[in-house]
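Since the structure comes first, as structure tokens, the remarks are kept for the end.
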Amino acid sequence: MINRIVLVSLVVCAALFGACGPGASGAKAEPIVGSVPFADGERLTYSIRADLGASGGKGTLSVRRDGANLRLEQRYEEVSPPAGVTPNTDTTTVVAGAGDLRPTSMLREQSGRDQSHRYAADYAADGKTVSVSQDTDKPKSIPVPEIIYDNESSLWLWRTLVLADGYHARYVSLDAVGKTRQTVDLTVTGKQNIIVPAGTFEAWRLQVRNGRATRVAWINVAAPHQIVQWDNGAQVFQLER
Numbered sequence: 001m002i003n004r005i006v007l008v009s010l011v012v013c014a015a016l017f018g019a020c021g022p023g024a025s026g027a028k029a030e031p032i033v034g035s036v037p038f039a040d041g042e043r044l045t046y047s048i049r050a051d052l053g054a055s056g057g058k059g060t061l062s063v064r065r066d067g068a069n070l071r072l073e074q075r076y077e078e079v080s081p082p083a084g085v086t087p088n089t090d091t092t093t094v095v096a097g098a099g100d101l102r103p104t105s106m107l108r109e110q111s112g113r114d115q116s117h118r119y120a121a122d123y124a125a126d127g128k129t130v131s132v133s134q135d136t137d138k139p140k141s142i143p144v145p146e147i148i149y150d151n152e153s154s155l156w157l158w159r160t161l162v163l164a165d166g167y168h169a170r171y172v173s174l175d176a177v178g179k180t181r182q183t184v185d186l187t188v189t190g191k192q193n194i195i196v197p198a199g200t201f202e203a204w205r206l207q208v209r210n211g212r213a214t215r216v217a218w219i220n221v222a223a224p225h226q227i228v229q230w231d232n233g234a235q236v237f238q239l240e241r
């Protein structure tokens, strides 16, 4: 499922879900985007700590307009590398439709002290397949349903939902790192006041489930509906500004 980074050694996992859930054959392909609350030039920063409270890294999520698309970039960086050593980094860019977040491509580059990786996904124009690759490996073609979202766009996708008490939705996403499709179930379990470095927010508590794994995102009730806090089970992301 959605794990992002192990900054102490190597940036290794996805911000959201890695390949640990079942396939997506049981999910009905329906659009879930309500309205897109973010625009060209948005930039959000996050502190990242491990479950035990140790600071692990910092993250930046940014949006750039690219014609009819948006370029959704997330960059994660180790905050305290050994003296004189370049920090581990993990950068992903998803190109998706500005109004519906339907993906066109994804590129993810991990740069670590011991090893580095490059993952790519290119979505066919007919919407029937996606070509995924890792490093210099031969690309793999994966059949996909008509409506699919890229796993790496999740921290934007959830902000577009029309959330309310009792909200529930299901969708299919592509995990290019694991070269799999996955079914994601979303459920609002209420509102909470959340205190993070950026301040205090009234937030929807969104339960995110993939297979047996369950994670939680807290999304600002007020526009532009930022992800205020994200607990992926390994790290906790908190909005700084």
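Read in order, the letters of the sequence shown correspond to residues 1 to 241 in my numbering. Using N, Cα and C, we set each Cβ at its ideal position, and we do this for glycine too.
T180 sits away from V172, with the two beta carbons spaced by 8 Å or more. By the Cβ criterion, the region 95-109 is in contact with the region 66-81, since at least three pairs of Cβ atoms, one from each stretch, lie closer than 8 Å. The C-beta separation of P145 from T129 comes to about 11 Å, leaving the pair out of contact by the 8 Å criterion.
Of the other Cβ atoms in all chains shown, fewer than 16 fall within 10 Å of the Cβ of V79; this residue is therefore exposed. DSSP, read as helix, strand or coil, puts T160 in helix. At least 8 Å separates the beta-carbon of L155 from that of V188.
Residue ranges of uninterrupted beta strand (DSSP E) with 3 or more members, entirely inside the region 128-213 and ordered along the chain, are 129-134, 140-143, 168-175, 180-196 and 199-210. Taking 8 Å as the cut-off, the beta carbon of V132 is found closer than this to the beta carbon of A121. When C-alpha distances from V177 are compared across Q110, L157 and N232, the shortest belongs to Q110. A buried status is given to G57, since no fewer than 16 other beta-carbon atoms sit within 10 Å of its beta-carbon. For I227, the three-state secondary structure derived from DSSP is strand. R108 places its beta carbon less than 8 Å from that of T92. When only Cα atoms are considered, Y76 and N193 end up about 26 Å apart.
Rounded to the nearest angstrom, the gap between the Cα atoms of E73 and A222 is 23 Å.
In the same chain as W218, and ignoring 5 residues on each side of it, the C-beta atoms closer than 8 Å to its own belong to Q192, I194, F201, A203, W204, R205, L206, I227, V228, Q229 and W230, in chain order. About 18 Å separates the beta carbon of V196 from that of V208, a gap too long to meet the 8 Å contact definition. When the five nearest sequence neighbours on each side are left out, the beta carbons in the same chain lying within less than 7 Å of the beta carbon of H117 are those of Q110, Q134 and D135, in order along the chain.
Cβ-Cβ distances below 6 Å link P31 to I147 in the same chain, with the five nearest sequence neighbours on each side left out; the list follows chain order. Secondary structure at V236: strand, using DSSP grouped into helix, strand and coil. Taking 8 Å as the upper bound for CB-CB distance, F237 and G59 are in contact here, some 6 Å apart. By the neighbour-count definition (other C-beta atoms within 10 Å, threshold 16), R241 is an exposed residue. Take S105, set aside five residues on each side of it, and the residues of its chain with a beta-carbon closer than 6 Å to its own are V95 and D122, in chain order. Residue state for S62 is assigned as strand, using DSSP reduced to three classes. The beta carbons of G41 and V63 sit about 7 Å from each other, so the pair counts as a contact at 8 Å. A120 carries a strand assignment under DSSP once its states are collapsed to helix, strand and coil.
Between A169 and L161, the CB-CB gap stays under 8 Å.
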